[in-house]
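To start, the structure under review is shown below, and the notes come after it.
Residue numbers (my numbering): 1 to 146.
Have a look at this one:
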């Protein structure tokens, strides 16, 4: 009769040790912000950082390219860049690029930030030598010489 009570006591001690000691699985830190491969998991906040490329256009002579680069709820920028390399001319809030038939000009729209915003009109020329220079066309357009 003593054997069953001894056996039940040993089993009770083993069971208590099993449930109170840390197991290898419990000792591992579970990170919810990374995948098993170590990649960062996307959050809702990450979607606001997504960028898109659009409005791509290649000049008829193949020497210039335009593209718009933007984020959600942020003003897009239009880039006019020589295909051979070099710095791009950036037109903030630019859109709708169209090259002339001889590839010497590119026309585009500038979307005003606000109706009376002092920065809503393109102005001046600039950029590195040989890059297109912007010339404003009223309150909503511009052109650059390629």
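Even glycine gets a Cβ: it sits at the ideal position worked out from N, Cα and C.
Here the structure is a predicted model, which is why all the values come from computation and not from measurement.
Status (buried if at least 16 other CB within 10 Å, exposed otherwise) for residue i
{"i": "residue 94", "result": "buried"}
{"i": "residue 48", "result": "exposed"}
{"i": "residue 106", "result": "buried"}
{"i": "residue 8", "result": "exposed"}
{"i": "residue 5", "result": "exposed"}
Boundaries (first-last residue) of the beta strand (DSSP E) holding residue i
{"i": "residue 74", "result": "That residue, residue 74, is in no beta strand (DSSP E); it is neither H nor E in DSSP."}
{"i": "residue 89", "result": "89-92"}
{"i": "residue 51", "result": "51-58"}
Reduced DSSP secondary structure (H/G/I, E/B, other) of residue i
{"i": "residue 83", "result": "coil"}
{"i": "residue 9", "result": "helix"}
{"i": "residue 40", "result": "strand"}
{"i": "residue 35", "result": "coil"}
{"i": "residue 98", "result": "strand"}
Own chain, CB closer than 6 Å to residue i, minus 5 neighbours either side, in chain order
{"i": "residue 57", "result": "66 and 97"}
{"i": "residue 77", "result": "69, 90 and 92"}
{"i": "residue 147", "result": "The structure shown does not extend to residue 147, since the chain spans only 1 to 146, so no value can be given for it."}
Span of the alpha helix (DSSP H) around residue i
{"i": "residue 46", "result": "44-47"}
Chain-order list of residues whose beta-carbon lies under 8 Å from that of residue i (same chain, five-residue window excluded)
{"i": "residue 75", "result": "92, 93, 111 and 113"}
{"i": "residue 181", "result": "Shown here, the chain extends from 1 to 146; a query on residue 181 therefore has no answer."}
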